[in-house]
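J.: Counting the sequence shown from 1 gives a position; the working numbering is that position plus 1. Take a look at the following structure, please.
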Amino acid sequence: MLWLFYFGLVGSFCLCFKEAWKGIKNDFMMIHKDPALESSLEILFCYPGFWALFFYRLSHVIVKWKIPLIPRIIMGMIRIMTAVDIHPRAKISDEGVFIDHATGVVIGETAEIGAGTTIYHQVTLGGTGKIMHRGQRRHPIVGKNCMIGAGAKLLGAITIGDNCQVGANSVVTKSIPDNCTALGIPATVVRKVKCPLTMNDPVSKAVCELHRRVVELEEALDVASKADSCADLLAAQEQANEANEKHWHKMRNMLMESKKNHVSSGSIDELKLSLELTSKAPFYNDDSFLSDSDDNN
């Protein structure tokens with residue numbers, strides 16, 4: 002009869018692993034955005050955040066099977082091993098999440114985390130300490146493609162929008178809309194971007210920068226079309242030239258940084274293409290920045 006018990010235990014683990022596989026695979030792929038990663042083998046031995054998410058996903062499946070106690074025991078053991086405390090009832094997107102450095106991270110029972118979010122060490126997604134009934138939401142909801150800086154505390158039933166960034170050591174007690182950067186104690190919105198970008202993705206950053214540049218050029222053309230004199234037109238054109246030069250310097254630095262961080266050749270080629278396209282932008286015809294970028298690298 003003992004072998005039947007072992008057979009059932011192994012079978013249950015296989016079913017659990019199969020159901021959790023999508024999230025495990027996407028968590029694994031998320032870590033490849035880390036510029037410090039040199040090989041996939043490092044993920045298995047040097048990234049405790051991955052192991053915390055690995056066992057969370059197994060425990061979460063067991064929770065959905067309505068099996069009591071076992072999920073909490075598993076995550077209790079993982080907390081001792083990784084210093085990451087994730088409640089098995091928390092909802093973390095199976096499209097992939099990255100917990101970097103993974104020390105002192107706390108994710109409460111009713112917390113939710115969207116796809117593509119990066120969480121650094123000492124982050125807490127917790128409650129405010131107010132007495133609430135069981136089943137009520139008392140922890141934050143974090144949207145997609147967010148970055149939660151080291152030591153940040155997100156407290157209460159608040160919502161952090163998509164593509165947001167929360168600065169290190171900030172204390173967030175109020176909801177934040179999409180595409181915002183929040184800093185301070187208590188945290189306040191200090192910046193709102195019109196074009197969302199994906200963390201650590203040079204191609205997405207280049208597209209966002211191109212979008213911002215097009216908006217600037219359209220505004221400059223609008224000013225030029227309303228100019229009352231030739232002097233106003235020349236001033237508008239000079240302003241556009243100056244903005245375009247700053248844009249080119251920024252794009253070149255992004256390309257150099259991508260090469261230093263060993264970004265894939267495909268991403269670098271797309272970034273170069275972006276530079277070539279913007280060289281044809283109005284008010285600025287000098288392509289020396291593109292040749293300088295290639296020479297320096």
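Glycine residues also receive a C-beta, built at the ideal position from the N, C-alpha and C atoms.
In angstroms with no decimal places, state the Cα-to-Cα distance between Val62 and Glu110.
T.: Here residue 62 refers to the residue found at position 61 when the sequence shown is read from its first residue. Here residue 110 refers to the residue found at position 109 when the sequence shown is read from its first residue. Going by the C-alpha atoms only, they are around 15 Å apart.
J.: Going by the beta-carbon positions, is the gap between Leu54 and Phe18 smaller than 9 Å?
T.: Numbered from 1 along the sequence shown, position 53 holds the residue referred to as residue 54. Numbered from 1 along the sequence shown, position 17 holds the residue referred to as residue 18. No, the pair does not count as a contact, with Cβ atoms beyond the cut-off.
J.: How about Asn170 and Ala153: are their beta carbons less than 9 Å apart?
T.: Reading the sequence shown from its first residue, position 169 is the one you call residue 170. Reading the sequence shown from its first residue, position 152 is the one you call residue 153. Yes, the Cβ-Cβ distance between Asn170 and Ala153 is below 9 Å.
J.: Let me know if Gly166 comes out buried or exposed under the rule of 16 or more other beta-carbons within 10 Å of its beta-carbon.
T.: Reading the sequence shown from its first residue, position 165 is the one you call residue 166. It is worth fixing the name first, because residue 166 is Gln in this sequence and not Gly. Classification of Gln166: buried, given that the 10 Å Cβ count is 16 or more.
J.: Please state the DSSP three-state secondary structure of Met236.
T.: As a working mapping, residue 236 is identified with position 235 in the sequence shown. Residue identity check: residue 236 is Ala in the sequence provided, not Met. In the structure shown, Ala236 sits in a helix (DSSP, three-state: H, G or I).
J.: Mind the definition here: the stretch 96-103 touches the stretch 42-51 only if three or more C-beta pairs lie below 8 Å; say whether that holds.
T.: Verdict: yes, contact present.
J.: On the criterion of 16 or more Cβ atoms from any shown chain inside 10 Å, does Gly150 qualify as buried, or is it exposed?
T.: Residue mapping note: residue 150 aligns to position 149 of the sequence shown, counting from 1. Counting Cβ neighbours within 10 Å, Gly150 comes out buried, since at least 16 surround it.
J.: Which same chain residues, not among the five before or five after Met30, have their C-beta less than 7 Å away from its C-beta?
T.: Residue 30 sits at position 29 when you count from the first residue of the sequence shown. Closer than 7 Å at the Cβ level, and outside the excluded window around Met30, lie Gly97.
J.: How far does the beta strand (DSSP E) with Lys193 in it reach, from first residue to last?
T.: As a position in the sequence shown, residue 193 is number 192, starting the count at 1. It spans Thr189 to Lys193 - the beta strand (DSSP E) in which Lys193 sits, taken as one unbroken run.
J.: Alpha carbon to alpha carbon, what distance is there between Glu113 and Pro141?
T.: If you number the sequence shown from 1, residue 141 lands on position 140. If you number the sequence shown from 1, residue 113 lands on position 112. Each residue's alpha carbon lies about 7 Å from the other.
J.: What's the gap between the Cα of Gln137 and the Cα of Asp95?
T.: In the sequence shown, the residue the question calls residue 137 occupies position 136. In the sequence shown, the residue the question calls residue 95 occupies position 94. Going by the C-alpha atoms only, they are around 23 Å apart.
J.: Relative to the alpha-carbon of Lys115, which residue among Gln240, Ala188 and Gly24 has its alpha-carbon at the smallest distance?
T.: Position 114 of the sequence shown, counted from the start, is the residue given in the question as residue 115. The question names Lys, yet the displayed sequence has Gly at residue 115. Here the closest residue by C-alpha is Gly24.
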